[in-house]
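Some notes on the structure that comes next.
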Amino acid sequence: MTNYKTLLQSEIPEYETKLPSSGKVVKYRPFLVKEEKILLLSKQNGDRKDQLSAIENIISSCCNIRKIDSLPLVDVEHIFLELRKKSIGEVVDLNFNCPETKEKIKVSLDLNDICTTNLSKKKTISLTGSKKILLKEYTFGDFKKSFSFVETKFDEIVFLMSKLETQTEVIDCESLNTKQKNEILDNLLPADYNKIIKENDKVVRHEHRVKYQTQLGEEKTLLIRGLFDFFCLPSAI
69 MTNYKTLLQS
79 EIPEYETKLP
89 SSGKVVKYRP
99 FLVKEEKILL
109 LSKQNGDRKD
119 QLSAIENIIS
129 SCCNIRKIDS
139 LPLVDVEHIF
149 LELRKKSIGE
159 VVDLNFNCPE
169 TKEKIKVSLD
179 LNDICTTNLS
189 KKKTISLTGS
199 KKILLKEYTF
209 GDFKKSFSFV
219 ETKFDEIVFL
229 MSKLETQTEV
239 IDCESLNTKQ
249 KNEILDNLLP
259 ADYNKIIKEN
269 DKVVRHEHRV
279 KYQTQLGEEK
289 TLLIRGLFDF
299 FCLPSAI
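Residue numbering for the sequence shown follows our numbering, starting at 69 and increasing by one per position.
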């Protein structure tokens with residue numbers, strides 16, 4: 069008797085892609101219907117923790133990467149988009165309500181248009197005087213820990229603070245509690261704080277602005293960025 073499972077799996081193609089953070093080549097296969105069902109169920113229940121777990125499970129199953137938590141977040145975004153393109157298709161129809169007019173909008177999005185921006189890897193930021201602040205790389209593991217409480221850029225900087233260097237000492241910010249790290253930022257000059265925000269905004273990320281037109285002919289854009297936006301792209305089932 070034919071082993072259909074073995075026969076079908078032997079025909080699954082394998083692809084390669086370069087991780088944007090390092091240029092490392094990884095191999096992956098498209099996800100299967102049974103795996104897409106996991107994505108769909110977690111999308112339907114609306115629990116973001118479940119959605120991240122589903123993304124992690126899909127990548128573990130389809131890609132030759134095991135320590136996903138240690139991957140930079142941008143690499144996980146990249147792999148998930150590549151899986152989505154090869155498994156379901158490169159063009160998706162987006163249906164949403166315009167944030168301003170509330171009218172229903174339908175546009176097509178080519179996932180190849182979602183690209184990496186700001187390839188800066190600068191982590192040490194020089195401040196007024198001899199002070200320097202070091203921000204750690206935002207990994208998928210960090211994102212799982214922080215997505216529920218990082219709501220502002222201030223929150224994100226607090227979470228990413230790794231070290232503060234002065235002329236006389238080096239402060240390990242990761243050993244400090246949130247209140248103590250808040251106090252460090254609160255006591256910076258506004259120019260220094262704005263510089264930290266500006267430099268942190270330069271880190272690599274995936275995003276695309278989808279252009280659309282309202283019924284009155286006004287040109288608008290919708291920003292597609294980050295894992296949760298990519299996760300909510302339409303599925304095939």
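Here a beta-carbon is modelled for each residue, glycine too, at the ideal position from N, C-alpha and C.
Here the structure is a predicted model, which means the values were calculated and not measured.
Own chain, CB closer than 6 Å to residue i, minus 5 neighbours either side, in chain order
| i | result |
| --- | --- |
| Ala-122 | Ile-106, Leu-107, Ser-110 |
| Arg-277 | Thr-289, Leu-291 |
| Leu-257 | Thr-196 |
| Glu-150 | Thr-85 |
Contacts around residue i, its chain only, beta-carbon distance under 7 Å, and the 5 residues preceding and following it disregarded
| i | result |
| --- | --- |
| Lys-249 | Val-226, Met-229, Cys-241 |
| Arg-116 | Phe-215, Phe-296 |
| Asp-118 | Ser-110 |
Residue i vs residue j beta-carbon contact at 8 Å
| i | j | result |
| --- | --- | --- |
| Arg-273 | Thr-207 | no |
| Leu-203 | Asn-268 | yes |
| Asp-143 | Pro-88 | yes |
Top-ranked residue by Cα proximity to residue i, from the options
| i | options | result |
| --- | --- | --- |
| Thr-169 | Ser-194, Glu-224, Tyr-280 | Tyr-280 |
| Lys-232 | Leu-177, Ser-89, Leu-253 | The sequence shown places Leu at residue 232, not Lys. The option with the nearest alpha carbon to Leu-232 is Leu-253. |
| Tyr-261 | Thr-282, Glu-224, Leu-301 | Glu-224 |
| Lys-191 | Val-271, Glu-287, Ala-259 | Val-271 |
| Glu-158 | Phe-164, Asn-180, Glu-171 | Asn-180 |
| Thr-220 | Gly-209, Ile-265, Cys-300, Thr-234 | Ile-265 |
| Glu-287 | Ser-89, Ser-155, Cys-166 | Cys-166 |
| Thr-35 | Thr-234, Val-218, Ala-259 | The chain is shown only over 69 to 305; residue 35 falls outside these bounds and no answer can be derived. |
Cβ-based neighbour list, residue i, same chain, cut-off 8 Å, excluding 5 preceding and 5 following
| i | result |
| --- | --- |
| Ser-194 | Lys-200 |
| Glu-145 | Arg-273, His-274, Gly-294, Leu-295, Phe-298 |
| Lys-130 | A quick correction: the sequence has Cys, not Lys, at residue 130. Within the same chain, Cys-130 has close Cβ partners Tyr-96, Arg-97, Pro-98, Phe-99, Glu-103, Leu-151. |
Whole-Å CB distance - residue i paired with residue j, under 8 Å assumed
| i | j | result |
| --- | --- | --- |
| Glu-82 | Val-93 | Glu-82 to Val-93, Cβ: 12 Å. No contact. |
| Ile-147 | Ile-173 | Wrong, their Cβ atoms sit about 29 Å apart, outside the cutoff. |
| Leu-141 | Ile-133 | Not quite, the Cβ-Cβ distance comes to about 14 Å (not below 8 Å), so this is no contact. |
Residue-level contact to chain D via CB, residue i, 8 Å cutoff
| i | result |
| --- | --- |
| Ser-121 | In summary, chain D is missing from the structure at hand, where a single protein chain is found. |
message: My parser needs the beta strand (DSSP E) runs of 3 or more residues fully inside the region 79 to 162; what are they?
response: Runs found: 83 to 86, 93 to 96.
task: Give, in chain order, every unbroken run of the beta strand (DSSP E) that is at least 3 residues long and sits entirely within the region 258 to 284.
output: Within the region 258 to 284, the complete beta strand (DSSP E) runs of at least 3 residues are 273 to 281.
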